[in-house]
Every structure is written in structure tokens, then in C-alpha cells.
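If you're matching positions, the sequence shown starts at 111 in the numbering used here and goes up one per residue. Quick reminder that beta carbons are idealized off the backbone N, C-alpha and C, glycines included. The structure appears below as C-alpha cells.
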Amino acid sequence: MENRSLGRQRVSVPVVGLGTWQRLEAAATSGQHRELIDTAIAAGIRLIDTSPMYGDAERLLADALGGQRDQAVIADKVWTQSSEEGAAQLARAVDWYGGRIDLMQIHNLVAWPAHLAMLEAARDRGLVGLIGATHYSAAAFGELAELMATGRIDTIQVPYNPVQREVERTILPLADELGLGVLLMRPLGEGYLVRRQPSPAELAPLRPFGVTTWAQALIKWGLSDPRVHASLAATAYPGRLQENAAAGSPPWFGPEERAYVLRLATAR
Ligand SMILES: NC(=O)c1ccc[n+]([C@@H]2O[C@H](COP(=O)([O-])OP(=O)(O)OC[C@H]3O[C@@H](n4cnc5c(N)ncnc54)[C@H](OP(=O)(O)O)[C@@H]3O)[C@@H](O)[C@H]2O)c1
């Protein structure tokens, strides 16, 4: 698994991370949340993204990490309109994850001016490593760009896959110019893109790039953009983690292979 440096503080992260939206709770329902996190860490998927928006996911993650907390890079979020609740969310996360959150993000830019000041103070006290911001919607990218330009955040988290490419217009060029870390949400289009798969013959040209499955092609497509640092694919199944992790090693796609994957994705 390749590692890339996130943000100006240059925190090294594996390029394939794990998302927890809906899927960690699903794993817990089938009694597999500890196995999921153990297997992810063993596969090199040490960057794990969560949020107070994801139901019980933060607590389940803390429970599953157990004594392995130091091996993981935790990307958590603050998600509330209320300053008091934002501070309480941070305090809960600090408690769950052994006294420090590696990356604390402002989820969907909710109440970002208030939360940003609070997170900067927390960083000064050593409770937070990097500070980031996320948004899922292109309609908010203007506001996200404004926040990026303040120079007060280290990372952004945005959607990027062959059918969701709005970030190519302004967000990725700006992140590159400012030296911000870029995490990708929805590399598999929330699962929509993997529902119908290309045939083995259609995937064959990608084999020299270590790609044998469609999910790997999609994850590698995002990671082959040099402005991107990590891709957060979510799964509830430990058995899928090795497959997803394998998409995080070179060789990376060039423009031709990226165009080919894009054609396959938009043809279905
Ligand atoms: N605003 C925000 O901050 C925001 C918004 C959206 C997402 N996020 C973050 O980004 C993460 C990823 O986004 P996402 O969860 O929306 O979507 P995603 O990672 O694009 O897709 C997840 C779906 O792909 C399936 N999947 C995963 N690996 C697979 C494989 N190898 N083969 C076939 N199917 C596979 C999963 O199903 P199975 O469980 O059945 O494998 C799941 O249904 C989230 O979990 C969250 O942490 C943040």
C-alpha cells in the first residue's frame, strides 16, 4: 500500500482508507465490526473516517480498535449547528480515541466559523492533529473554496468518482495550489457504481495495473489523480478489504486508463 503525506503538517496516510457511513453499523449487526477493523488494519487500511452523523459508528469504531488505536489514523468530524454540542462532540471523540484525533473535520461545512475556532484551540492543546472540512455537494463548493483559501484547514474531503467529477473544476486545482490534503468520499458512488460490473474481458486491459475487479478499477481511478491523497471506500464485509487495499499500490493509471475506466463507468 502506498502512503501519501496529508496537508502541510505532512501526516503520512495509506492511500486506501475505510469509510464507516452505514457500513460499520451493518457490520456490527452481523457481529463483525471488530473483525472488520482488525482486518482493515492488517490489510494496511489504517485511515478510518467516521462522524457523529453515522449513528453509533464512532463508538463502534472505538470499541473495535481496542489496543490498536495507535496503529490507526482517525478522521472524525464535528456535525452540529451548536457550538456547545460541537465542543461536546470533540470531547467525546477525544475520550473514545485515546486523547487525540488525528484529523478533525467540519462535516458538510455546518457552522464552520464557530467550529473552526474551537478546533484550532483544540489543536493548540494537542487534542487534534490536522483540521479539515467536508462536503458532499457541488452546490457548496464555492463556500468550501472560501474556507480553503483562508489557509486555516489542512485537508478537504469531497466526492470524486467517474460519474461525479465536479471537483475537477475548481476544488482539486485549488487544493493542489494550497498544498491541502485531499480525501475522497464515495469512490464507489455509494455502491451505485459497483452494482453493474464490466465483464472480465473489459477489465483485462487493467490487469497490468494490478486491477482484477471493478471496485479496484474505481478506487484506482481516483487515486491516480496526483492531487488526491486517500480514498475512503466503505464496506461492511471484512472479505472485501484485501481487494480494496490492493487498489492502493502502483502502478497508477495514466490518462488513457483513466479515460477507459470513465467510459466503462458511464456506459452502464
Ligand atoms: N459529507 C461527508 O463528509 C461524507 C459524505 C459521504 C461519505 N463520506 C465518507 O466517505 C465514505 C465512503 O463513501 P460512501 O460510504 O458513501 O460510499 P462508497 O465507499 O463509494 O461505497 C460504499 C458501498 O460500496 C460497497 N463496496 C465496498 N467495497 C466493495 C467491493 N470491493 N465490491 C463491491 N462493493 C463494494 C459497499 O457495500 P458492502 O458493505 O456490501 O461491501 C457500500 O455499499 C463514507 O463511508 C464516509 O466515511 C463523507
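In this structure, how does DSSP classify residue i when only helix, strand and coil are distinguished?
i      : result
Ile281 : helix
Val338 : coil
Leu213 : strand
Ala221 : coil
Ile263 : coil
Gly286 : The residue asked about is misnamed: residue 286 is Asp in this sequence, not Gly. Three-state DSSP puts Asp286 in a helix.
Ser161 : coil
Met228 : helix
Ala346 : coil
Leu333 : helix
Ala243 : strand
His311 : Residue identity differs from the one stated: residue 311 is Ala in this sequence, not His. Note: Ala311 maps to helix in three-state DSSP.
Ala257 : According to the sequence shown, residue 257 is Leu rather than Ala. Here Leu257 sits in helix by DSSP.
Ser122 : strand
Val204 : helix
Gly320 : coil
Gly364 : coil
Ala185 : strand
Gly291 : strand
Arg233 : helix
Ser193 : helix
Arg434 : As shown, the chain starts at 111 and ends at 378. That puts residue 434 outside it, with no answer to give.
Val97  : Outside the displayed range of the chain (111 to 378) lies residue 97, so it cannot be described from this structure.
Val371 : helix
Val304 : helix
Around the C-beta of residue i, are 16 or more other C-beta atoms found within 10 angstroms, so that it is buried, or is it exposed?
i      : result
Glu253 : exposed
Pro318 : exposed
Ser161 : buried
Gly289 : exposed
Arg275 : exposed
Tyr302 : exposed
Gly291 : buried
Glu168 : buried
Ser115 : exposed
Ala296 : In the sequence as displayed, the identity of residue 296 is Arg instead of Ala. Flag for Arg296 reads buried.
Thr376 : exposed
Arg133 : buried
Asp234 : exposed
Glu367 : buried
Pro260 : One detail in the question is off: residue 260 reads as Thr in this sequence, not Pro. Burial call: exposed.
Gly364 : exposed
Gly332 : buried
Gly239 : buried
Gln119 : exposed
Ala369 : exposed
Enumerate in chain order the residues of its own chain whose CB-to-CB distance from residue i is below 7 angstroms, with the five nearest sequence positions on each side excluded.
i      : result
Pro348 : Gln142, Glu145, Leu146 and Thr149
Trp324 : Val304, Gln307, Pro308 and Leu313
Arg156 : Pro124, Gln181, Ala182 and Val183
Pro360 : Glu112
Ala356 : Gly320 and Gln326
Trp222 : Ile216, Ala243 and Leu257
Thr130 : Ile158, Asp159, Thr160, Tyr164, Ala167, Leu171 and Ala344
Return the chain-ordered list of same chain residues with a C-beta closer than 8 angstroms to the C-beta of residue i, the five sequence neighbours on each side being excluded.
i      : result
Ala138 : Asp166 and Leu170
Gly176 : Arg144
Asn113 : Ser122, Val123, Pro124 and Val125
Trp206 : Glu168, Arg169, Leu171 and Ala172
Ala136 : Ala346
Ala311 : none
Arg262 : Leu226, Glu230 and Ile241
Ile151 : Gln178, Gln181 and Ala182
Taking 6 angstroms as the limit between beta carbons, can you name the residues of its chain near residue i, skipping five residues before and five after?
i      : result
Gly208 : Arg179
Trp362 : Ser334
Lys187 : Ser161, Gln215 and His217
At a threshold of 8 angstroms, does residue i count as lining ligand 3 (C-beta to nearest heavy atom)?
i      : result
His225 : No copy of ligand 3 occurs in the structure displayed; its ligands are ligand 1 alone.
Evaluate the contact criterion for the stretch 190 to 200 versus the stretch 255 to 271: three or more CB pairs, one atom per stretch, below 8 angstroms.
-> The stretch 190 to 200 vs the stretch 255 to 271: no contact.
Evaluate the contact criterion for the stretch 123 to 137 versus the stretch 338 to 347: three or more CB pairs, one atom per stretch, below 8 angstroms.
-> Yes: at least three Cβ pairs fall under 8 angstroms.
Can you find at least 3 beta carbon pairs, one from the stretch 188 to 195 and one from the stretch 224 to 232, that sit closer than 8 angstroms?
-> Taking 8 angstroms as the limit for Cβ pairs, the verdict is that the stretch 224 to 232 does touch the stretch 188 to 195.
Quick one: which unbroken beta strand (DSSP E) runs of 3-plus residues sit fully inside the stretch 120 to 156? Chain order, please.
-> Runs of the beta strand (DSSP E) inside the stretch 120 to 156: 121 to 124 and 126 to 129.
Could you say if the stretch 271 to 287 and the stretch 237 to 252 meet the contact criterion of at least three C-beta pairs nearer than 8 angstroms?
-> At 8 angstroms Cβ cutoff, the stretches touch.
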